[in-house]
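Start counting the sequence shown at 1142; every next residue gets the next number (the working numbering).
Please read the structure below before turning to the comments.
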Amino acid sequence: MPKQALKSDILLLRPRGRQVDSRIFAMEQLGLSYIAGTARAAGLTAEIVDGALEPDRYDATLRETCNGDHLVIGFPIYPETVRRVARDVDGLRARGIVTHVAVGNHLATLH
1142 MPKQALKSDI LLLRPRGRQV DSRIFAMEQL GLSYIAGTAR AAGLTAEIVD
1192 GALEPDRYDA TLRETCNGDH LVIGFPIYPE TVRRVARDVD GLRARGIVTH
1242 VAVGNHLATL H
């Protein structure tokens, strides 16, 4: 059986937002854009799916992602999103997705 082609090297997922989240969740996630730009400059492909701005696409991506689609799946994580990210990663693992998952935020990136 031939090896499955990657959909993108890196899948960057911002979790769904909630109305009680701060207004910063209403704009594009700068950290994910920075990571995607850096990856692309290094010759990698990167896809951003923003659950705060595109919740249906985010849900579909979580539902449809398969092993071999990406080398890494990344999530930004903040106090407001810890439980949401953990739930979404648990859902991927429950479906048998073993792709490496990285979580972090700009504070860790800049130190």
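Even for Gly, the Cβ is constructed at its ideal location relative to N, Cα and C.
If you draw a 10 Å sphere on the C-beta of Pro1220, you find fewer than 16 other C-beta atoms in it, and that means exposed. As a beta-bridge residue in DSSP terms, Asp1191 pairs with Arg1155. Measuring C-alpha to C-alpha distances from Val1244 to each of Ser1149, Leu1153, Lys1148, Glu1195 identifies Leu1153 as the nearest. Between Asp1191 and Arg1155, the C-beta gap is smaller than 7 Å, which places the two residues in contact. When DSSP states are grouped into helix, strand and coil, Pro1217 belongs to the strand group.
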